[in-house]
Amino acid sequence: MASAMNGCGGGGGGGGGGVMKRMGLLRVQYYCVMGFVAAAVVLATLRYMPAPATAPPTVDGGGATVRSSAATVDSAAAAAAAAPGGGGVERGKGKRKHVWSGEEEEVAAEKKAAAGVVVFNFGDSNSDTGGVAAVMGIHIAAPEGRAYFHHPTGRLSDGRVILDFICESLNTHHLSPFMRPLGADYNNGVNFAIAGSTATPGETTFSLDVQLDQFIFFKERCLESIERGEDAPIDSKGFENALYTMDIGHNDLMGVLHLSYDEILRKLPPIVAEIRKAIETLHKNGAKKFWIHGTGALGCLPQKLATRGEIDRDLDEHGCITRINNVAKRFNKLLSETCDDLRLQFASSTIVFVDMFAIKYDLVANHTKHGIEKPLMTCCGHGGPPYNYDPKKSCTANDKDLCKLGEKFISWDGVHFTDAANEIVASKVISGEFSIPRIKLTASVVRPKKAKNSRRELRRARAMAMASPTNGGGGGGNKVISLRLQYYCVLAAVVVAVMVLSLAFVSPSAMGAAVRQNLGSVVAATAAAGEGADASAAAAGAGVAATTAAEEEREQAAAAGVVLFNFGDSNSDTGGVAAAGGIRIMPPEGRTYFHHPTGRLSDGRVIIDFICESLNTRELNPYLKSIGSDYSNGVNFAMAGSTVSHGVSPYSLNVQVDQFVYFKHRSLELFERGQKGPVSKEGFENALYMMDIGHNDVAGVMHTPSDNWDKKFSKIVSEIKDAIRILYDNGARKFWIHGTGALGCLPALVVQEKGEHDAHGCLANYNKAARQFNKKLSHLCDEMRLQLKNATVVYTDMFAIKYDFVANHTKYGIKWPLMVCCGNGGPPYNFKPGKFGCDDLCEPGSKVLSWDGVHFTDFGSGLAAKLAMSGEYSKPKVKLASLVNAGSNKSSDS
148 MASAMNGCGG GGGGGGGGVM KRMGLLRVQY YCVMGFVAAA VVLATLRYMP
198 APATAPPTVD GGGATVRSSA ATVDSAAAAA AAAPGGGGVE RGKGKRKHVW
248 SGEEEEVAAE KKAAAGVVVF NFGDSNSDTG GVAAVMGIHI AAPEGRAYFH
298 HPTGRLSDGR VILDFICESL NTHHLSPFMR PLGADYNNGV NFAIAGSTAT
348 PGETTFSLDV QLDQFIFFKE RCLESIERGE DAPIDSKGFE NALYTMDIGH
398 NDLMGVLHLS YDEILRKLPP IVAEIRKAIE TLHKNGAKKF WIHGTGALGC
448 LPQKLATRGE IDRDLDEHGC ITRINNVAKR FNKLLSETCD DLRLQFASST
498 IVFVDMFAIK YDLVANHTKH GIEKPLMTCC GHGGPPYNYD PKKSCTANDK
548 DLCKLGEKFI SWDGVHFTDA ANEIVASKVI SGEFSIPRIK LTASVVRPKK
598 AKNSRRELRR ARAMAMASPT NGGGGGGNKV ISLRLQYYCV LAAVVVAVMV
648 LSLAFVSPSA MGAAVRQNLG SVVAATAAAG EGADASAAAA GAGVAATTAA
698 EEEREQAAAA GVVLFNFGDS NSDTGGVAAA GGIRIMPPEG RTYFHHPTGR
748 LSDGRVIIDF ICESLNTREL NPYLKSIGSD YSNGVNFAMA GSTVSHGVSP
798 YSLNVQVDQF VYFKHRSLEL FERGQKGPVS KEGFENALYM MDIGHNDVAG
848 VMHTPSDNWD KKFSKIVSEI KDAIRILYDN GARKFWIHGT GALGCLPALV
898 VQEKGEHDAH GCLANYNKAA RQFNKKLSHL CDEMRLQLKN ATVVYTDMFA
948 IKYDFVANHT KYGIKWPLMV CCGNGGPPYN FKPGKFGCDD LCEPGSKVLS
998 WDGVHFTDFG SGLAAKLAMS GEYSKPKVKL ASLVNAGSNK SSDS
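Shown next as structure tokens:
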């Protein structure tokens, strides 16, 4: 829960004791993020944003109206598709793992190592192979992708990016983005690059340090899977022998170009320092081969030329902006010197710097040699010569100014290169002629030995991965700090008072770095937690047979067609924010049911898990958890820290709805191509659509004058209405909407917030606000019931359910209704502002409602779920199971 925030956790957070440094605001969409960094770059890439929601709806292949909260999905344009070889499905995905024989493992290993290399890439739009499109649910339309793939792929080009050509030169398929939920194949590595990213932390959602956290998360997941005897895309030898490429820093430079030249020069060393830290972190994690790209000739970009001001009137003999190119060259000099220094520091490693400026400037200066006719003109733009760039207009497939032959142009959109230009650049990059030291890229890649990993090697590799700081890209020390710490710091950026609420778990380096939004590692388990884990492990062993039987039932239910889609925040996040941010959550989280951390902000299950169990289907996988996910029973789009209000948190409700539309489009596209998609058209039509969101918005409103509450709540509810309408237009007919809980009874708020307490010790003003919000939400559901033909819209009064746990706690066997399980200080609250960790951890199985001061325990969530599903607190009074089974079409997929 929590207030509107920068992206983690769900609850209040605050800093508890000292003054918090301001966190960089994270925007909802990549383009907003880019705008924060460099407005000019945004304008260059706006064509990739979907059309406004007010545009007329179009019809998908199945006849259903398709709309997105940020876009009308263009049925004529194919969705972002997998790169060659990227459509494979991981072995064992979606079912219990097969125990492979030695011979089978050898055959599988041969297939996996056929390409001979593993590549991990970190960067921005210059090497994004569809990541930002998948993450934000952005449907990129034609003419993107026309030159090579013949359909849009999420790349900001008419075809391939440089990274694609690098992969082709190594005879391996194009890298899949880390957070692409469908069609990803990670056997040859992962692309962590996301358009708009910066090297500087805190400026963008997926800055370089976050990408590193994602890599560490990915590596740990792979090694853990192998240790458990399961299949994984990459083993420890693969990580050790991989090539690690970086192409980042361009957006950092774009963001400071408005400053004077001397001011810009002072900004460059910190940017380069972040890249250095990233290389050091990767080295700590076993990386030995680095391929580092400098920045290009930014002063030759048509976008910069078409929008230049008085400060940039000085052009060189080739028509490029002198000042900007001097900045790029200075940046590259610093980066090259850093690589020299690291080469001495890491003598056993290969660190190659590539002078991208020299390569790209040569394309302009000697364009005729390369068959380029218009070196400074945009292919896909507006306005005609000399630049064909208009920041106010986007390019479409039918534009009169769209070039016919992209191979005659360098620039595709004013910022990014055409397929033809990228091919020329890549050939020079791979040649080694512009590298320090001069080494061909293919020569720097040694084929991995086919050696079987011993358990000792795996443990050593995992220990190495875990020893590196996972927050901030490893820039700080190796100290593991409570996950709650960073969570509070993030929230402090929005509502200081509400911040002090949340996580018993947010982690490192947010305070000192004052940077990103994502959570971090949880504090190591206390002795009590260790004892609890031992007891839990014993219980787990005794219940293996029952668990297996339950899994079989759920698999059968999934096959029978139970499909759910959930939208929400930390109250229903089943690991999404951990996967997206590369966050390793540690015990005691997850101790009660799963017996290991799962990314849930609880000791066990959240309400959505109990709902799935009641329907005999497996727990929902998070949308952005691309490793080991099975979406055949639906998707969980909920992300900790999310708000209804857009522009406040990275994964606000409108973004989650965009992700759903993207997922649906991709899934149906697979069926149209004769492949097996996770959910069929009938599955989408018969699915249950759940929402449990708004808690962070309400908490944020609490720090505004009370006479503004009504207006603000009306706006929040209006955005929920928009989301329901878009889902309905996409075929949804069964809605299950949760109101907010008794915020005034959250221990973290009770301890820290001032105000009158009611008879049960809860904050009266917070509960008043929660009721006021719920009343408006209930009225909205009444309205939707009348407006949406053939739809069932059920509102569930979660306030009444959760408040009853406090008011009548003895009825539920609860002794201390306002006490935290994982906290500090003991009864009656066990919560101390500014104190992180679980010094006072309740015994496993204790009847305690609150896990961390904001989120419920497995016990509390189980109670709430049971009452929610009963229908007694719903309007109309209908059991959840009855709604799911009503009018379901159980026909098989066609």
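This note's numbering runs 147 ahead of the 1-based position in the sequence shown. All residues carry an ideal CB built from backbone N, CA and C; glycine is no exception.
Practice prompt. Given a cut-off of 8 Å, decide if D305 and C526 are closer than it, judged by their beta-carbon atoms.
Written response: Indexing the sequence shown from 1 puts residue 526 at position 379. Indexing the sequence shown from 1 puts residue 305 at position 158. Yes; because the gap between Cβ atoms is below 8 Å, this pair is in contact.
Worksheet item: So, M326 versus V282, is the Cβ gap smaller than 8 Å?
Response: Counted from its first residue, the sequence shown places residue 326 at position 179. Counted from its first residue, the sequence shown places residue 282 at position 135. Yes, Cβ-Cβ distance for M326 and V282 is below 8 Å.
Discussion item. Going by DSSP, what residue range makes up the alpha helix (DSSP H) through T428?
Written reply: Residue numbering aside, residue 428 sits at position 281 when the sequence shown is read from its first letter. Segment 408-431, the alpha helix (DSSP H) holding T428.
Discussion item. Would I506 and V576 qualify as a contact pair, given that the criterion is a beta-carbon distance under 8 Å?
Written reply: Position 359 of the sequence shown holds residue 506. Position 429 of the sequence shown holds residue 576. Yes, the Cβ-Cβ distance between I506 and V576 is below 8 Å.
Fill in: Chain-order list of residues whose beta-carbon lies under 6 Å from that of N535 (same chain, five-residue window excluded)
Residue 535 sits at position 388 when you count from the first residue of the sequence shown. Answer for N535: M524, T525, G528, D548, listed in chain order.
Worksheet item: Can you tell which of S483, L404, E410 has the C-alpha that lies nearest to the C-alpha of G446?
Response: Walking along the sequence shown from the start, residue 446 turns up at place 299. For the residues S483, L404, E410, the minimum Cα distance to G446 belongs to L404.
Worksheet item: Start and end of the beta strand (DSSP E) containing W883?
Response: Counted from its first residue, the sequence shown places residue 883 at position 736. From DSSP, the beta strand (DSSP E) with W883 extends over 881-885.
Worksheet entry | Beta-bridge pairing of K521 - partner residues as DSSP gives them | For the purposes of this step, residue 521 is taken as residue 374 along the sequence shown, with counting starting at 1. DSSP output for K521 lists F556 as bridge partner(s).
Worksheet item: Residues in its own chain within less than 6 Å of N1032 by CB, not counting five upstream and five downstream?
Response: Working through the sequence shown from its first residue, we reach residue 1032 at position 885. Result list for N1032: empty, nothing under 6 Å.
Worksheet item: If you draw a straight line from the alpha carbon of K1022 to that of M1016, how long is it in whole angstroms?
Response: Within the sequence shown, numbered from 1, the residue matching residue 1022 stands at position 875. Within the sequence shown, numbered from 1, the residue matching residue 1016 stands at position 869. Distance between the alpha carbons of K1022 and M1016: 12 Å.
Fill in: Cβ-based neighbour list, C909, same chain, cut-off 6 Å, excluding 5 preceding and 5 following
Walking along the sequence shown from the start, residue 909 turns up at place 762. Cβ within range, chain order: G891, C892.
Practice prompt. For P533, count neighbouring C-beta atoms within 10 Å of its own C-beta (all shown protein chains included) and say buried if the count is 16 or more, exposed if not.
Written response: If you number the sequence shown from 1, residue 533 lands on position 386. Per the 10 Å Cβ criterion, exposed.
Fill in: Closest by C-alpha distance to K881, when choosing among N833, K435, H321
Position 734 of the sequence shown, counting from 1, holds the residue named residue 881. For K881, the nearest C-alpha among the options comes from N833.
Discussion item. Just to confirm, is the Cβ distance from C542 to D566 under 8 Å?
Written reply: Residue mapping note: residue 542 aligns to position 395 of the sequence shown, counting from 1. Residue mapping note: residue 566 aligns to position 419 of the sequence shown, counting from 1. Cβ distance not < 8 Å, so C542 and D566 don't count as in contact.
Worksheet item: Count the other CB atoms within 10 Å of the CB of T428; is the residue buried (16 or more) or exposed (fewer)?
Response: Taking the sequence shown and counting its residues from 1, the one referred to as residue 428 is at position 281. With a threshold of 16 other beta carbon atoms within 10 Å, T428 meets it and is buried.
Item to complete: Under 8 Å by Cβ, that's how I've got A906 and V953 pegged, so tell me the actual separation to the nearest angstrom.
Response: In the sequence shown, counting from the first residue as 1, residue 906 sits at position 759. In the sequence shown, counting from the first residue as 1, residue 953 sits at position 806. No, A906 and V953 are not in contact; Cβ-Cβ is about 10 Å, not under 8 Å.
Worksheet item: How would you label A444, buried or exposed, when you count the other beta carbons within 10 angstroms and need 16 or more for buried?
Response: The residue given as residue 444 occupies position 297 in the sequence shown. Buried: at least 16 other Cβ atoms inside 10 Å.
Practice prompt. Measure the C-alpha to C-alpha separation of C968 and L1010 and round it to an integer number of angstroms.
Written response: Translated into positions along the sequence shown, residue 968 becomes position 821. Translated into positions along the sequence shown, residue 1010 becomes position 863. So the alpha carbons of these two residues sit roughly 16 Å apart.
Worksheet item: Taking the C-alpha atoms as reference points, what is the distance between K979 and P735?
Response: The sequence position of residue 979 within the sequence shown is 832, counting from 1. The sequence position of residue 735 within the sequence shown is 588, counting from 1. Each residue's alpha carbon lies about 18 Å from the other.
Worksheet entry | Length at least 3, wholly inside the stretch 469-541: the beta strand (DSSP E) runs in chain order | 497-501, 521-525
Worksheet item: Out of curiosity, what's the CA-to-CA distance linking Y391 and Y950?
Response: Position 244 of the sequence shown, counted from the start, is the residue given in the question as residue 391. Position 803 of the sequence shown, counted from the start, is the residue given in the question as residue 950. Cα-Cα distance, rounded: 52 Å.
Worksheet entry | Distance between beta carbons of P825 and Y778, contact taken as under 8 Å | For the purposes of this step, residue 778 is identified with residue 631 of the sequence shown, where counting begins at 1. For the purposes of this step, residue 825 is identified with residue 678 of the sequence shown, where counting begins at 1. In this structure, Y778 and P825 form a Cβ contact; the two beta carbons are roughly 4 Å apart against a cut-off of 8 Å.
Worksheet item: If you pair each beta-carbon of the stretch 801-821 with each one of the stretch 982-1001, do three or more pairs fall below 8 Å?
Response: no
Practice prompt. Only counting runs of 3 or more residues, tell me where the beta strand (DSSP E) segments fall wholly within the stretch 312-395, in order along the chain.
Written response: 336-338, 390-394
Practice prompt. Note down the Cα distance separating K1024 from A294, rounded to an integer number of angstroms.
Written response: Within the sequence shown, numbered from 1, the residue matching residue 1024 stands at position 877. Within the sequence shown, numbered from 1, the residue matching residue 294 stands at position 147. Rounded to whole angstroms, K1024 to A294 spans 56 Å at the Cα level.
Discussion item. Restricting to Cα atoms, I'd like to know which of F714, A725, G728 is closest to I754.
Written reply: Here residue 754 corresponds to residue number 607 of the sequence shown, with the count starting at 1. Ranking F714, A725, G728 by Cα distance to I754 puts F714 first.
Worksheet item: Going straight from the alpha carbon of S997 to that of F386, what length do you get?
Response: On the sequence shown, residue 997 is found 850 positions in, with the first residue counted as 1. On the sequence shown, residue 386 is found 239 positions in, with the first residue counted as 1. Rounded to the nearest angstrom, the two C-alpha atoms are 40 Å apart.
Practice prompt. Please state whether DSSP places L400 in a helix, a strand or coil.
Written response: Counting from 1 along the sequence shown, the entry for residue 400 is found at position 253. Residue state, collapsed to three classes: helix.
Worksheet item: How long is the line joining the alpha carbons of F296 and V357, rounded to whole angstroms?
Response: For the purposes of this step, residue 296 is taken as residue 149 along the sequence shown, with counting starting at 1. For the purposes of this step, residue 357 is taken as residue 210 along the sequence shown, with counting starting at 1. Taking the straight line joining both Cα atoms gives about 29 Å.
Discussion item. Can you find the residues in the same chain that come closer than 7 Å, C-beta to C-beta, to D844, ignoring five residues on each side of it along the sequence?
Written reply: Reading the sequence shown from its first residue, position 697 is the one you call residue 844. Counting only Cβ-Cβ distances below 7 Å, and skipping sequence neighbours, we find A151, T790, V791, S792, I863.
Item to complete: Specify the secondary structure class of T939 as computed by DSSP and reduced to three states.
Response: Position 792 of the sequence shown holds residue 939. Residue state, collapsed to three classes: strand.
Worksheet item: Quick one: any contact between the stretch 337-352 and the stretch 416-433, if contact means 3 or more CB pairs under 8 Å?
Response: yes
Discussion item. Check this for me: beta carbons of K436 and S591, under 8 Å apart or not?
Written reply: Here residue 436 refers to the residue found at position 289 of the sequence shown. Here residue 591 refers to the residue found at position 444 of the sequence shown. With contacts defined as CB atoms closer than 8 Å, K436 and S591 qualify as a contacting pair.
Worksheet entry | Buried versus exposed, by CB contacts within 10 Å (16 or more), Q492 | What you label residue 492 is simply residue 345 of the sequence shown in a count that begins at 1. When all chains shown are included, Q492 counts as exposed.
Worksheet item: Where does the unbroken beta strand (DSSP E) through Y836 begin, and where does it stop?
Response: For the purposes of this step, residue 836 is taken as residue 689 along the sequence shown, with counting starting at 1. Unbroken beta strand (DSSP E) run through Y836: 835-839.
Item to complete: Compare the C-alpha of T851 against each of F504, V795, A916 and name the closest.
Response: Within the sequence shown, residue 851 is the residue found at index 704, counting from 1. Checking every option, the nearest Cα to that of T851 belongs to A916.
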